[in-house]
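J.: Encoded as structure tokens, here's the structure I'll be asking about.
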Amino acid sequence: MTETMRAMEATRDDVALVEVPVPTPGPGEVRVNVASAAVNAAEGKVISGAFAGRFLHARTSPRVLGWDFAGTIDAIGDGVTDLATGDAVWGHLAFAGSQRQGTYAEYVTLPRDAVAAKPADVPFEVAAAAATCAMTSLQAMRDYGRLAAGQKVLVIGAGGGVGELAVGIAKRLGAHVTGVCSTGDVARVKAAGANVVIDRRSADPYAGESAYNVVFDTPAVASYGRCARLLRPGGTYVTTLPDGALITGLIRSQFSSRRCRFVQVASKRADLELIGGWLSDGLQVTIDSRHEINALGAALRRQTEPGRTGRVVVEVAGGW
Ligand SMILES: NC(=O)c1ccc[n+]([C@@H]2O[C@H](COP(=O)([O-])OP(=O)(O)OC[C@H]3O[C@@H](n4cnc5c(N)ncnc54)[C@H](OP(=O)(O)O)[C@@H]3O)[C@@H](O)[C@H]2O)c1
89 MTETMRAMEA
99 TRDDVALVEV
109 PVPTPGPGEV
119 RVNVASAAVN
129 AAEGKVISGA
139 FAGRFLHART
149 SPRVLGWDFA
159 GTIDAIGDGV
169 TDLATGDAVW
179 GHLAFAGSQR
189 QGTYAEYVTL
199 PRDAVAAKPA
209 DVPFEVAAAA
219 ATCAMTSLQA
229 MRDYGRLAAG
239 QKVLVIGAGG
249 GVGELAVGIA
259 KRLGAHVTGV
269 CSTGDVARVK
279 AAGANVVIDR
289 RSADPYAGES
299 AYNVVFDTPA
309 VASYGRCARL
319 LRPGGTYVTT
329 LPDGALITGL
339 IRSQFSSRRC
349 RFVQVASKRA
359 DLELIGGWLS
369 DGLQVTIDSR
379 HEINALGAAL
389 RRQTEPGRTG
399 RVVVEVAGGW
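Throughout the sequence shown, residue numbering follows the numbering used here, covering 89 to 408 in sequence.
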């Protein structure tokens with residue numbers, strides 16, 4: 089008889105508790121008993137049927153979403169020798185059109201190298217809140233943007249889930265950081281480590297020329313065309329969305345020394361280990377609210393409310 093587990097299905101109108109088969113870890117994989125998860129903009133894109141949602145999750149039924157997780161190893165596939173059952177781990181389930189799992193479930197399986205040991209002093213909820221946003225930020229600025237110590241970066245959306253972590257991570261990469269946010273987030277963005285904060289409600293963040301080595305457009309609102317002037321020669325504009333503005337930017341950048349890139353976050357153990365150390369060391373991630381898994385609907389709604397400040401955490405263990 090197939091063993092089943094509890095999971096939350098997300099439909100267009102609501103969420104519902106479902107029983108689905110417990111996944112079995114294959115060779116080189118681990119199974120994680122999820123303690124905490126966190127909400128991203130991705131859920132809304134999949135649930136609404138937006139085009140971008142097709143690249144984030146499979147159109148399965150029941151549709152179990154959620155990508156961030158922290159939890160404990162519960163089973164180990166052949167060939168995994170450096171983790172044991174009971175070990176605390178964290179990570180990000182891959183965004184992919186073929187993704188059939190979700191972290192709004194009791195268990196997920198992943199390749200061993202898509203998880204990292206969770207530092208003991210980082211709570212499960214903090215690790216879950218940080219996983220996707222922090223890895224996206226690190227890879228956007230360091231890998232796609234080639235941001236190096238001593239260089240200057242502009243983080244647009246610095247009060248958001250990705251942006252707040254981008255500010256702290258850019259500082260830890262040794263960069264000079266300018267954050268763009270709204271008035272209510274100025275103090276928090278400063279506390280995250282920004283050298284300069286531009287309140288976009290009272291100043292124009294796009295004024296100036298050749299000021300930055302990297303512009304990281306976390307909410308994908310500005311476009312390459314608008315930001316190229318802000319970049320130094322050889323500098324890079326990085327966006328988070330594969331939209332029409334990206335295509336235009338990629339074409340325009342062929343005729344310029346200023347580069348245009350799109351970050352697609354990848355689950356990497358080495359990056360999680362690096363970020364885990366930073367979280368232990370005080371990398372700032374603000375938690376807006378905590379919701380038990382049986383109140384997932386409220387958590388998903390909270391993600392889209394105007395007053396949200398930081399990450400929406402879902403307590404999966406014990407919340408059924
Ligand atoms: N490609 C990938 O791998 C990847 C990975 C993770 C996330 N993402 C995407 O990244 C995006 C951001 O995610 P998130 O979690 O950071 O969202 P979030 O928490 O909602 O933050 C978005 C931030 O953008 C700011 N913003 C909105 N409109 C703006 C504008 N016109 N000018 C300047 N700032 C503006 C908002 O602040 P104010 O409006 O208050 O100023 C908010 O703080 C989402 O679309 C998500 O899907 C992509």
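Virtual Cβ for every residue (Gly too), placed ideally from N, Cα, C.
With a cut-off of 8 Å, do at least 3 Cβ pairs link the segment 161 to 169 to the segment 137 to 148?
T.: As far as the Cβ criterion goes, the segment 161 to 169 does not touch the segment 137 to 148, which means the pair count is below three.
J.: Check for me: the alpha helix (DSSP H) holding V108 runs from which residue to which?
T.: No alpha helix (DSSP H) contains V108, which is instead part of the beta strand (DSSP E) from V103 to P109.
J.: My assumption, with CB atoms under 8 Å, is that L198 sits in contact with G179. Please give the rounded CB distance.
T.: Sure, about 7 Å apart at Cβ, within 8 Å.
J.: Could you give the uninterrupted runs of the alpha helix (DSSP H) lying entirely in the segment 213 to 263, keeping only those of 4 residues or more?
T.: Whole alpha helix (DSSP H) segments, 4+ residues: 249 to 260.
J.: Nearest by alpha-carbon distance to A98: which of V400, F139 and L384 is it?
T.: Here the closest residue by C-alpha is L384.
J.: Can you tell me whether R151 is helix, strand or coil according to DSSP?
T.: Residue state, collapsed to three classes: coil.
J.: State buried or exposed for W408, treating a residue as buried only when at least 16 other CB atoms are found within 10 Å of its CB.
T.: When all chains shown are included, W408 counts as exposed.
J.: Taking three-plus beta-carbon pairs below 8 Å as touching, is the segment 223 to 237 in contact with the segment 287 to 302?
T.: The segment 223 to 237 vs the segment 287 to 302: in contact.
J.: Spatial neighbours of P330 within its chain, please: CB distance less than 6 Å, with the 5 preceding and 5 following residues excluded, ordered by chain position.
T.: These residues qualify, in order along the chain: F350.
J.: Is the segment 171 to 187 close to the segment 112 to 131, with three or more CB pairs under 8 Å?
T.: Yes: at least three Cβ pairs fall under 8 Å.
J.: If contacts are defined as beta-carbon pairs under 8 Å, then D376 and R396 qualify, I think. What distance do you get, rounded to the angstrom?
T.: Confirmed, Cβ separation roughly 5 Å.
J.: Where do the N-terminal and C-terminal ends of the alpha helix (DSSP H) with Y312 fall, by residue?
T.: That run of the alpha helix (DSSP H) goes Y312 to C315.
J.: Under three-state DSSP, which class holds W408?
T.: The answer is coil: DSSP assigns W408 none of H, G, I, E or B.
J.: Mind checking whether F157 and L181 have CB atoms under 8 Å apart?
T.: A contact, by the Cβ cut-off of 8 Å.
J.: So, is F343 buried or exposed, given that buried needs 16 or more other C-beta atoms within 10 angstroms?
T.: When all chains shown are included, F343 counts as exposed.
J.: Using the Cβ count rule (16 or more neighbours within 10 Å means buried), how would you classify F212?
T.: By the 10 Å Cβ count, F212 comes out buried.
J.: So what does DSSP say about V309, is it helix, strand or coil?
T.: V309 falls in the coil class under three-state DSSP.
J.: Mind checking D273: buried by the 16 CB within 10 Å criterion, or exposed?
T.: By the neighbour-count rule (16 or more Cβ atoms within 10 Å), D273 is buried.
J.: Please list, in chain order, all residues of the same chain as G190 whose beta carbon is under 6 Å from its beta carbon, the five residues on each side excluded.
T.: V152, L153 and G154, listed in sequence order.
J.: Does the distance between the C-beta of V303 and the nearest non-hydrogen atom of ligand 1 fall short of 7 Å?
T.: Result no, Cβ not under 7 Å from ligand 1.
J.: If we ignore side chains and look at the alpha-carbon of each, how far apart do Q352 and E107 end up?
T.: Cα to Cα, Q352 sits roughly 31 Å from E107.
J.: Please classify T327: does DSSP put it in a helix, a strand, or coil?
T.: Of the three classes helix, strand and coil, the one that applies to T327 here is strand, per DSSP.
J.: May I ask you to check if the CB of L329 is nearer than 7 Å to at least one heavy atom of ligand 1?
T.: Under cutoff, so the answer is yes.
J.: If you drop the 5 nearest sequence neighbours on each side, which residues of the same chain put their C-beta closer than 8 Å to that of T328?
T.: Contacts found: T224, A228, V250, D305, T306, P307, A308, F350 and V351.
J.: Using the rule of at least 16 other Cβ atoms within 10 Å of the residue's Cβ for burial, across every protein chain shown, is L105 buried or exposed?
T.: Burial call: exposed.
J.: Check whether the segment 213 to 222 and the segment 261 to 278 touch, using three or more Cβ-Cβ pairs below 8 Å as the test.
T.: Output reads no: the segment 261 to 278 does not touch the segment 213 to 222.
J.: Does DSSP put V302 in a helix, in a strand, or in coil?
T.: V302: strand per DSSP, three-state reduction.
J.: When every heavy atom of ligand 1 is checked, does at least one fall within less than 7 Å of the C-beta of R276?
T.: It does not: the Cβ of R276 is nowhere closer than 7 Å to a heavy atom of ligand 1.
J.: List the endpoints of the continuous beta strand (DSSP E) containing D287.
T.: Start and end: V284 to D287.
J.: Could you check if P111 belongs to the surroundings of ligand 2, using beta carbon to heavy atom distance under 7 Å?
T.: For ligand 2, the structure offers nothing, since it holds only ligand 1.
J.: Using only the alpha-carbon positions, how far apart do L360 and A219 sit?
T.: Rounded to the nearest angstrom, the two C-alpha atoms are 7 Å apart.
J.: Looking only at C-alpha atoms, which of R320, A282 and A280 sits nearest to G296?
T.: Minimum Cα distance to G296 is reached at R320.
J.: Return the Cβ separation of V373 and A217 in integer angstroms, given the expectation that the two are a contact with Cβ distance under 8 Å.
T.: 5 Å between Cβ atoms; contact.
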